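Those letters in the sequence shown? Residues 9 to 134, per this note's numbering, in order.
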Amino acid sequence: MNKNTSVGTVRLVQDIGSDMDWNTKENKQLIASVLELKNADEAKRFLRDLMTPQEIKEYANRLEAASLLSSDMQYNYITETTGLSSATIARIAKWLNGSLGGYRLILSRLHSHNSSSFGKGLSLRT
9 MNKNTSVGTV
19 RLVQDIGSDM
29 DWNTKENKQL
39 IASVLELKNA
49 DEAKRFLRDL
59 MTPQEIKEYA
69 NRLEAASLLS
79 SDMQYNYITE
89 TTGLSSATIA
99 RIAKWLNGSL
109 GGYRLILSRL
119 HSHNSSSFGK
129 GLSLRT
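Written as structure tokens, this is what we have:
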């Protein structure tokens, strides 16, 4: 670790994994693109252009699995509901309880909005 590297950065890299480089031009552009979205319509249009319908369904199911896990649902129920494998659900559970807190962050924000409900208390402002 050199003088320009913080302990927090080292921990973040260890948690994310050394195979994920967020500082590439492409990854920075992806993150900046997501941050530029202003509403649900823009998000739908961007995600549809970015991903296939199957990829959208897969990621939506992963988020639903995280929501169900945070509600203490059993793996077999989550598998039946989402169609995800138990290995994928276990990985989501690991990340849900991990130190980065990405799933926890977004679930807490989604739960704080009450306009339209999806699944176990998830909501989306339109």
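C-beta atoms are modelled at their ideal positions from N, C-alpha and C, and glycine is treated no differently. Just so it is clear, the structure is predicted and the values come from calculations on it, not from any experiment.
Task: Pair within 7 Å by beta-carbon distance, Ile64 and Leu76 - done: No, Cβ-Cβ distance for Ile64 and Leu76 is not below 7 Å.
Task: Under the three-state DSSP convention, the category Leu108 falls into - done: Assignment of Leu108 by DSSP, reduced to helix, strand and coil, places it in the coil class.
Open item on the list: Helix, strand or coil, according to DSSP, for Thr89 in the structure here?
Closed with: In the structure shown, Thr89 sits in a helix (DSSP, three-state: H, G or I).
- [ ] Answer yes if the stretch 104-112 comes into contact with the stretch 66-82, meaning at least three C-beta pairs across the two stretches below 8 Å, and no otherwise.
- [x] Between the stretch 66-82 and the stretch 104-112, the count of Cβ pairs shorter than 8 Å is three or higher; the stretches touch.
Task: Nonlocal neighbours in the same chain, by C-beta distance under 7 Å from Tyr83, ignoring five residues either side - done: Same-chain partners within the cutoff: Ser94 and Ile97.
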